[in-house]
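Comments concern the structure below.
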Amino acid sequence: MSKLKYEKPVISKITAGVPNKFGLPAKQKIISEIDGIPVPELMEEFGSPVFVLSEKTIRDTYAEAKQAFETRYPKVQFAWSYKTNYLDAVCNVFHDEGSWAEVVSGFEFTKALSNGVNGSNIIFNGPEKSEEDLTLAINHNACIHIDHFDELYLLIETTRKLNKKARVAIRINLDAGIYPIWDRFGFNYENGEAWNAINRIMLTENLEMIGLHTHIGTYIMVASAYGIAATKLSNLYMAIHRKFDHWLKYIDLGGGFASKNTLKGAYMPGSETCPSFDDYAEAISNAIISSEIPHENLPVLFMETGRALVDDAGYLLTTVLANKRSTVGRRTMVIDAGVNLLFTSFWYNLGVFPSKEVSSHVEESTIYGPLCMNIDVIRDAINFPQSKVGDQLVIERVGAYNMTQWMQFITFRPNVVLIDLNGKAHIIRRKENLDSIQSFEVKPEK
Amino acid sequence: MKITEEIKISDNGFVFNSRTGDSFNLNPFGLELIKQIVEGKDFEIIRDVMLDKYDVDDLTIEKDFYEFCALLKHHQIIVQGDPLDFK
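Heads up: the protein sequence lines correspond to chains A and B, in order. The first sequence lines up with residues 527 to 972 when you count with my numbering. The second sequence lines up with residues 817 to 903 when you count with my numbering.
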C-alpha cells in the first residue's frame, strides 16, 4: 500500500485585527512553467538561481503598447531604454520590433552601436556626457538631449572642434502634478530656464534643434500627469515656431510608466491600480492633438518606456535553502537569491510563488536571501505555503532594472536565459565564475 | 513534555488556551501530532507511526517535530521541564 503524502505540521495563532477587505486568495497561485518549459527543467539545465526572460511576453507587451499609441496618434516611435535591461539579446528583440535606442552613457551608446543600431536612431540622454561621448554622438548623428548649461557649452565647443553640426533636444523638468518634482535633470519649464536654453541653442549655428524631451518621474500611477507634461511641451513647441519659424521634429515624453508590480506600502496590488498603456496613450495623445499645433505639423511622439515593457517578461527561479523560526515564532525562509540580484525588492513587494502544488496551509512568513547581511530581505511579510528545503520557487516581474543594477556580492551572478518564440531556452548571459571576477584584479608585484 | 491543562483541542484542529485567551489553527498533520502528544507518546513512537503512514524520511520528521514543539512551547501550549529534553 502506498504511503500518504506528508506535509509539515503547523500551528498558527489566530489574531484579531483589522479585517482584510479582500481576504486571502481562494487558491495559491503556482508558476510551474515559463513559456511551456517546466521550472524544474530550466533549473536543472541552468542552475539555481537563474533569471528567465520570455521573448513572447516582451513582444506581446511591446505590441500592446504600440497599438495603444498608434491607434491614437499618427506618428509614434519607441526608443528602448538601455538602462532598464541592456542585455544584448533583450535589446535586439526591441530593435527587431522597431525600437530605437535610448542611452544615458558612452558605454550604453557603444553598446547600442554594437547591436547594429544606426547612430541617428540613438537618443542620448543623461547628465553625464564627456567630450569623448559627445564626439561619438556627433559623429554618429545621434539625437543629443542636453541636460544642463555646462553640457550645452561643452557641446558647442565640441562641434566647433569637429566643425560639425549636432542634432539636439533639451531635457525639460516641469510640474506635472507629480511630487516631489524631478527637477535635477534638464532645464526648468516654469521658471523660464528651458526657454532660455532653447533661445541659446536656436542662435547657435552648429546646433540643430530637433526636439523637446521630458521625463516626469518613475512608476507614475497617474496617467493625467503625462497629459500635463505633453501640454507644456506642446506650448514650447509652438513658441519655438512663432519666434524662430522653426518646426521641431519630435516631442519625447520619456518613460516612467508603472509596471504591474506592487509598491511597498500599497494597499491594492499593482496589477489592479496601475494605468494601462491605453490610459497613458489617451492622456498624451489627447494633450498634443488638442494643443495649438496644426495637424500637418504634429511632431513625432517618442516614448522611452522601459520598465512597463520588460518587467513582466522576467522571472527569477530560486530554491529554498532553509526554514527557520524567529524568536517570536514567526516563520522565516531562506532562498538562494538575494537583494544583490533583486534590486527592485527594495521598493516592490515582489510576487513569490511555488512551482508546484503545495500545502493549502499558508502562514505569514519573511523571506530572506542567502547573503550574510541583515538587509537581505526579499519579502518582509508574505502569506506563503509551507515549503521544504529544495523546493523551487518563482519570483515574477523582475525583468526591469534587476539585470542592470544587480551586483556581484558574496555569490556569483547567475545565468540569464531567454526563451525564444519557439519555446527554446538560450543562455544570454553566462553565470560568473572565479576567473571572470579575478580577471579584473591585479596583484601588486612585491 | 505535556500539554497544559487549559488547552482545549477540537477535532477540526481548533485550539483554545483558556489561560491566555489565545486561539490557534492546526493543519491536519499538526492535529495528528498534537493528538499523539496528548496521548503521552514520546518522539520515537510518534516518529515510527508517521514513518509507517506517510511518505517521509526520519530526519524530516525529527526536524519538523522539534520545530513544531518549539512553536507549541512558544505559544504556551506545552510545558517542558528540562529545556534540553523534549521527551
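We put the beta carbon where it would ideally sit given N, CA and C, even for glycine. Bear in mind that the values here come from a model prediction, so they are computed numbers and not experimental data.
Between the region 573 to 584 of chain A and the region 932 to 946 of chain A, the count of Cβ pairs shorter than 8 Å is three or higher; the stretches touch. At a beta-carbon threshold of 8 Å, the residues of chain A lying near S839/B are K539 and I540, ordered along the chain.
In the DSSP assignment, K824/B falls within the beta strand (DSSP E) that extends over I823 to I825. Within the region 729 to 800 of chain A, the complete beta strand (DSSP E) runs of at least 3 residues fall at 733 to 739 and 776 to 778. With contact defined as three or more Cβ pairs closer than 8 Å, the region 620 to 629 of chain A and the region 575 to 592 of chain A are in contact.
Rounded to the nearest angstrom, the gap between the Cα atoms of A723/A and Y894/A is 49 Å. In the DSSP annotation of this structure, the continuous segment of the alpha helix (DSSP H) that includes T661/A starts and ends at E657 to N665.
Any Cβ of chain A closer than 8 Å to the Cβ of Y870/B would place that residue at the interface, and such an atom is present. Pairwise C-beta distances place the region 746 to 753 of chain A in contact with the region 806 to 813 of chain A, as three or more of them are shorter than 8 Å. Here Y894/A carries a strand assignment [DSSP, helix/strand/coil].
When only Cα atoms are considered, V630/A and P653/A end up about 8 Å apart. Interface with chain B (8 Å Cβ-Cβ cutoff): S913/A is excluded. Residues of chain B with a Cβ closer than 7 Å to the Cβ of P535/A are, in chain order, N843, F845, G846, L849, D880 and F884. Short of 7 Å from the beta carbon of F770/A, and not among the five residues preceding or following it, lie these beta carbons of its own chain, in chain order: M728.
Across the region 852 to 867 of chain B, no CB contact with chain A closer than 7 Å is found for any residue. Scanning its chain for C-beta atoms nearer than 7 Å, with the 5 sequence neighbours on each side dropped, one finds around E559/A the residues V565, in chain order. Linking L530/A to Y870/B through their CA atoms gives a straight-line distance of about 5 Å.
In the three-state reduction of the DSSP assignment, G573/A falls in the coil class, being assigned neither a helical nor a strand state. A straight line joining the alpha-carbon of D709/A with that of I746/A spans about 15 Å.
Between H666/A and L688/A, the C-beta spacing is not below 8 Å. Runs of the beta strand (DSSP E) spanning 3 or more residues and lying entirely within the region 874 to 899 of chain B do not occur at all. As DSSP reads the structure, Y870/B sits in a beta bridge with L530/A. The secondary-structure analysis by DSSP pairs M829/A across a beta bridge with F604/A. For G855/A, the nearest beta carbon of chain B is closer than 8 Å to its own beta carbon. Put simply, the backbone Cα of E822/B is about 27 Å away from that of V865/B.
CA-to-CA, the gap between S528/A and S885/A works out to about 19 Å.
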